[in-house]
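S.K.: First the structure, which I've put down as structure tokens, then a few questions once you've had a look.
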Amino acid sequence: MSVLLLLAIILALSGLAFILGRARSISKVSGNIRDLHSLPGYYGWHTALTVLFPSIVVLVLWLVIQPMVLSNGAAKFFPEATRADSVALTLALDDARRVSRGLDAMIANGSKSEAEIAALDTATTDVRALLAEVNVALGSDVSAESLDAAKYMRAASHSGGFWMALAVMAVAGVGLIFGLSQVHPEFRARNRVEKAVLGLLILASSIAILTTVGIVWSMLSESISFFKMYPAGEFFFGLTWSPNFSGGSTLGFLPLLWGTLYITFVAIIVAVPLGLFTAIYLAEYASPKLRSWIKPLIEIIAGIPTVVFGLFALVTVGPILRDYFAQPLGLGTSGSSVMTAGIVIGILNIPFISSLADDIINSVPQSLRDGSFGLGATRSETVRQVILPAALPGIVGAVLLATSRAIGETMIVTMGAGAAAKLSLNPFEAMTTMTVKIVGQLTGDTDFASPETLVAFALGITLFVLTLGLNILALYIVRKYREQYE
Amino acid sequence: MKDQQIEERAVTAHTPRITARKVNVHYGTSHALKDVDVDILANTVTAFIGPSGCGKSTFLRCLNRMNDTVASAKVTGEILLDGENIYDPRVDPVRLRAKVGMVFQKPNPFPKSIYDNVAYGPKIHGLTRNKAELDEVVESCLRKAALWNEVKDRLDAPGTGLSGGQQQRLCIARAVATAPEVLLMDEPCSALDPIATAQVEELIDELRSQFSVVIVTHSMQQAARVSQKTAFFHLGNLVEFGKTEDLFTNPKDPRTESYITGRIG
Amino acid sequence: MTDFIAGAAAPKTSILGVSAKMRRRNAAETRFKAYGIFAITLSLSVLALMLWTIFSDGLSAFRQAKMTFPITLTAEVLDPKGNLNRDEMAKITTVGYGKLLAQAFEAELKAKGISTEGVSAKELGALLSKDAPGVLRAEVLANPSMVGTTQNRSILASGRVDGYLKGRVTRETAERDNQISPAMLDLADRLVAAGILSAPFNTRFLTSPDASDQRPEAAGLGVAMIGSAYMMILVALICVPIGVAASIYLEEFAPKNRITDIIEVNISNLAAVPSIVFGILGLAVFINFAELPQSSPIVGALVLSLMTLPTIIIATRAAIRAVPPSIRDAALGIGASKMQTVVHHVLPLAMPGILTGAILGLATALGETAPLLLIGMVAFVDNYPAPPMEGMFDPATALPVQVYSWVTRSDPAFVERSSGAIIVLLGFLFVMNVTAIILRRKFERRW
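Residue numbers (our numbering), protein chains in the order written: chain A, 545 to 1030; chain B, -17 to 247; chain C, 169 to 615.
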């Protein structure tokens, strides 16, 4: 929380800087503000920025660099063998970090004093049990090196915190003096402030890029460590998926891909005709009044969270399909199935397809309709032979987007498709998807050193690449199509 | 001059194909057309002229019930095609439009091949029995529209790739292919350059031998060039209707005179 | 041109008659139209079926079976030393309170003359919720002066009794159930008749934290609602400023070049990235790399913000684009800087559109489940998070995640809870959407 306090102090200082800067600008021209280049407020803002910007930069840099320095320092406490192995070192440092956090917690709840902490010794006390009391659970007993490293980390981070506060405040002070010294009537305060604001705007819009970079980087780095432990060929072309958390798993990707694609196929078979006919009816047949009622009603479907559809799949659709179709036909006894998940995802995608298709159909020029009606075509002939062919690229784009959504859908398949990875053609059998397995491998206890956990990142990046490809293709088609009529 | 007179005699001999009596059109609360009486004769080009918003296009769209596609439009009165009321509840507007074809202001070829554009009407109406017959129809219609020589080598190219004048002639070929009895043209040359306009006007004159043609136009010169009869609309009223020559040389109504001399419109 | 088209040679036909061909074409027309009506009807009926299922399953979660009877808080049991010292009293566990409750219940049955035929003493105790002793204990410890008095209390009945009152448990299922017997249900009938057992409005469903597998009757949405509220506040605080800033830049300042193009394509692609991918990002970056605490609203909010940001940027840009250029020209024309024009004129005019977009974006974020599963918000949390800001770092759950975690439990009573939670969630979404619609209607401008 001391960082928050420091932030508050910086903000208060910038507030002060604003007032001082503004007052100074007015006093420089003895109250005749027409002589100033910019309004007094801009001088205030400029001074505030000279305080805020450098001190924030120092604060952030310090927060990033300090843990690295601490880890380097703490590593010295461990034997040469541990330091040589990067995985072992990471684990040891993690443990030490946890212990140091536990020691902090003991101080915070008053069960130990600083002196008692300093005197702690693994030989005489069960440190693990002590830590457990403050809700810090450890996988093994605390070693002497680990405790020493933890003590070092605590001490170093405390003194680091002190120096950080000092450095940040010093920078803020220098910024204040510099900012005030800049204030004189010819100084173009407004232009400087606007430049700074523009910089902030650019920063904000680059967050989208940073997110993409973050996604790719986070998944790629973990995937690479997965492929170091598990051969990529066996992953991408393996026909069996049977993870085993005690080791020796077979992690074949194909059954998951098959389940994903099968469910997506069912979903598209449901969503495309229903969504398309809904859009056609709304765009070509419905009166404006009917349309103004039906369209929002259909769009309600899109506003309902997917977890609700998941419950619907599990509690209603699954049992209905099992009792009325699968069992009488002798195709299975499972409520969770490709059909269940596929149909429900299809329903979820109806409004998506229909509203996209509606836009696309409406963007087909009226003159084409007139041309067709003028030749004596009926409405359905016009739709089928003129409007749909004209709108086809756009509709293909919409279907691709819906496919990508179906592939990435998680909650409905988690609750409605089952967890068994199978390569089967029977749509009433439970199968599983990439997203289900990502959830499965990453919820609960995760061990980031085992292929069973890391495989989720390989699945994640495959999913990302697959959906991204579809999206780019779809957006490209839709954009090309729009240009055609604009 | 002699030719002209013979032609006029021929015109009067023609029988009316469409007879409109007391036609009124309302768009919501606005009264777009008031008590219009017009006879459209066979093998004649009839031109509707008048300033913008005078109701000439509205009336044209009544003749094949294109106004049905506008929800707020309400048409009253009587329009007879060969003695049958086209607003009779038993009439299927789809069938009516096959007999009363339409060409629009802006060329609107379908985003299909040239061949498919022309074949569209015969296909939906089932006018041909086989591919050979359809090929024949497409060729003869494209010839009629004076487009055949320009496109015969690229019938599979998209119709949207043609020039403006070619597109409009393609639309005329498309309308002709449904074998209509009456052909309605809503300012067919307004989006075309002068050369294309001349080609289309020439075509209209040729089409007269087989169809009655009704053309809405902004240009009085065009009306004078292509039509035998002209109707002048003003503020929803049919002001004057008669032989084109009479209307332009000897207008009976002062409003017509003001318009053709350029004082209104 | 003698060989003119087939149609010209065809005999003149009346437009009044109906040919077989026309009949066929009209039938096709009717069929085509019917497909449309069918598609709409089917979609809407599935929607209706879904809502009906959820409401019929879930509305009963808002009522809860309770037993009302006087409880004597015997001093000898609760405060053996007789000094009302809280630390001493805390040594009495829930077992002691449980016995006390059972005794009081039995005494009340005797006093009211209700026969307990076929029901053993143990089964009698099983009619009360296992959660009840804990609640009573907490109440007594909070207010030790209650010891020695007799209190009239409404005590939670067990989940099975609750299910019986709501029709979920029947005598047939009771036969096969080791937690309830038909004789106990008979007794429940008598208790209802005597006015001891009733099902009043269930405020605890909205306020209590989650409860363990064996106590569906005590499970509530308190922690989930606080978690969701914290996340929505943070998402709004993160997304709206950043989203507006990014949109202003892209719409008003960005030069049309490659980089801007990349940003734009990026934003539209991010809007279509599966939400679970953001969960993976959150796990890797915020939890493993930045070491923020698992299951905490701050991590949830960061993940949901990254997910919602593209949507908000797209909506905000549309709102800014809808402000006509004439307004910008007017401001620039009197010497305002570009930045002043945007801040003084464009933003205020675009504000209703921006707010509408932001509310709808938040509504999507509120209903999102998948990414939250990966950052540990599915954990069992029965402590309320602290008030902000510290609370943002405490473990919590979220409404949609609570729906999911209840569904995965074995006791069918949790399906009711789950559906009830959905009703609450849909309630919030409804309010947000209606607010957005009202905002849009109220400030809709025709330029």
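Just so you know, even glycine gets a beta-carbon here, dropped at the ideal spot from N, CA and C.
Of the choices A:V712, A:A659, A:G862, A:G617, whose alpha-carbon is the least far from that of E689 of chain A?
M.R.: When only C-alpha atoms are compared, the closest one is A:G617.
S.K.: Between the stretch 13 to 35 of chain B and chain A, which residues of the former have a C-beta closer than 9 Å to a C-beta of the latter?
M.R.: Residues: none.
S.K.: Do three or more CB pairs link the stretch 106 to 122 of chain B to the stretch 31 to 46 of chain B at distances below 8 Å?
M.R.: In short, these stretches do not touch, since the Cβ pair count stays below three.
S.K.: Does chain B have any CB closer than 9 Å to the CB of R913 of chain A?
M.R.: It does; some Cβ of chain B falls within 9 Å.
S.K.: Going by beta carbon distance, what residues of the same chain come within less than 8 Å of T226 of chain B, once the five residues before and after it are set aside?
M.R.: So the qualifying residues of the chain are A29, A205, A206, S209, Q210, K211, T212.
S.K.: Could you tell me whether any Cβ in chain C is nearer than 9 Å to the Cβ of M697 of chain A?
M.R.: Not one chain C Cβ lies under 9 Å of M697 of chain A.
S.K.: Pick out the complete alpha helix (DSSP H) segments inside the stretch 143 to 174 of chain B, 4 residues or longer, and give them in chain order.
M.R.: For the stretch 143 to 174 of chain B, whole alpha helix (DSSP H) runs of length 4 or above, ordered along the chain, are 146 to 158.
S.K.: Whose C-beta lies closer than 7 Å to the C-beta of T1 of chain B among residues of the same chain, with five residues either side of it excluded?
M.R.: So the qualifying residues of the chain are D21, L62.
S.K.: Which bits of chain C does G83 of chain B rub up against, with CB to CB less than 8 Å?
M.R.: Residues of chain C passing the Cβ test: none, with the nearest at roughly 11 Å.
S.K.: Which residues in chain B sit within 7 Å of L217 of chain C, going by Cβ to Cβ distance?
M.R.: None at all; the shortest Cβ gap to chain B is about 33 Å.
S.K.: I'd like to know whether the C-beta of G108 of chain B is nearer than 9 Å to at least one C-beta of chain C.
M.R.: By this cut-off, G108 of chain B is an interface position.
S.K.: Cβ of R193 of chain C less than 9 Å from any chain B Cβ?
M.R.: Interface residue, yes.
S.K.: What are the uninterrupted segments assigned as alpha helix (DSSP H) that are 4 or more residues long and contained completely in the stretch 798 to 860 of chain A, given in chain order?
M.R.: Taking only runs of at least 4 residues, the alpha helix (DSSP H) segments lying wholly in the stretch 798 to 860 of chain A are 798 to 824, 832 to 847, 850 to 856.
S.K.: Given a cut-off of 9 Å, decide if D914 of chain A and T51 of chain B are closer than it, judged by their beta-carbon atoms.
M.R.: Yes.
S.K.: Run down chain C in chain order and give the residues with a C-beta less than 8 Å from the C-beta of L165 of chain B.
M.R.: Here the premise fails: no neighbours, minimum Cβ distance about 13 Å.
S.K.: By how many angstroms is the C-alpha of G468 of chain C removed from the C-alpha of E607 of chain A?
M.R.: In the sequence on display, residue 607 of chain A carries Leu and not Glu. Cα to Cα, L607 of chain A sits roughly 22 Å from G468 of chain C.
S.K.: Kindly say whether A901 of chain A, judged by its beta-carbon, lies nearer than 9 Å to any beta-carbon of chain E.
M.R.: The chain inventory of the structure shown lacks chain E, comprising the protein chains A, B and C.
S.K.: Can you list, in chain order, the residues of its chain whose CB lies under 8 Å from that of I753 of chain A, leaving out five sequence neighbours each side?
M.R.: Here the set comprises nothing.
S.K.: Need the endpoints of the beta strand (DSSP E) that D19 of chain B sits in, please.
M.R.: Note, D19 of chain B: beta strand (DSSP E), 12 to 23.
S.K.: Can you name the residues of chain A whose CB is closer than 8 Å to the CB of K280 of chain C?
M.R.: Under the 8 Å cutoff, chain A gives no residues; its nearest Cβ is about 39 Å from K280 of chain C.
S.K.: Which same chain residues, not among the five before or five after M650 of chain A, have their C-beta less than 6 Å away from its C-beta?
M.R.: The answer, listed in chain order, is K656, V678.
S.K.: Considering only the alpha carbon of each residue, which of A:L798, A:L858, A:R1023 lies closest to A942 of chain A?
M.R.: When each option's Cα is compared against that of A942 of chain A, the closest is A:R1023.
S.K.: In whole angstroms, give me the CA-to-CA distance for R245 of chain B and R237 of chain B.
M.R.: Spanning the two alpha carbons is a distance of roughly 9 Å.
S.K.: Determine, using beta carbons only, whether N99 of chain B and C153 of chain B come nearer to each other than 9 Å.
M.R.: The answer is yes: Cβ separation under 9 Å.
S.K.: Spatial neighbours of D692 of chain A within its chain, please: CB distance less than 8 Å, with the 5 preceding and 5 following residues excluded, ordered by chain position.
M.R.: Result list for D692 of chain A: F621, in chain order.
S.K.: Helix or strand or just coil, what does DSSP make of Y774 of chain A?
M.R.: In the structure shown, Y774 of chain A sits in coil (DSSP, three-state: anything other than H, G, I, E or B).
S.K.: Taking 9 Å as the CB-CB limit, is I68 of chain B close to chain C?
M.R.: Yes, because at least one Cβ of chain C sits closer than 9 Å to the Cβ of I68 of chain B.
S.K.: Using alpha carbons as the reference points, say which of A:P995, A:T977, A:A619, A:T990 lies closest to L805 of chain A.
M.R.: Selected option, being the one with the closest Cα: A:T977.
S.K.: Hey, is the stretch 538 to 557 of chain C in contact with the stretch 460 to 467 of chain C, meaning 3+ C-beta pairs nearer than 8 Å?
M.R.: The stretch 538 to 557 of chain C vs the stretch 460 to 467 of chain C: in contact.
S.K.: Give the interface partners of C171 of chain B over in chain A, defined as CB-CB distance under 9 Å, in chain order.
M.R.: In chain order: nothing, as chain A lies at least about 16 Å away.
S.K.: Does S916 of chain A have its Cβ less than 9 Å from a Cβ in chain B?
M.R.: For S916 of chain A, the answer is yes, since a Cβ of chain B falls inside 9 Å of its Cβ.
S.K.: Comparing C-alpha positions only, which one of C:G250, C:R489, C:F454, C:A229 sits nearest to T371 of chain C?
M.R.: The candidate whose alpha carbon is nearest that of T371 of chain C is C:A229.
S.K.: Tell me which residue opens and which closes the alpha helix (DSSP H) that Q610 of chain A is part of.
M.R.: Residues 584 to 619.
S.K.: Check whether the stretch 498 to 508 of chain C and the stretch 585 to 597 of chain C touch, using three or more Cβ-Cβ pairs below 8 Å as the test.
M.R.: No, they do not touch.
S.K.: Tell me the DSSP secondary structure of S546 of chain A in three-state form.
M.R.: Helix, per DSSP.
S.K.: Closer than 8 Å by C-beta to A289 of chain C: which residues in its own chain qualify, once you throw out the five before and the five after it? Chain order, please.
M.R.: Around A289 of chain C: A270, E274.
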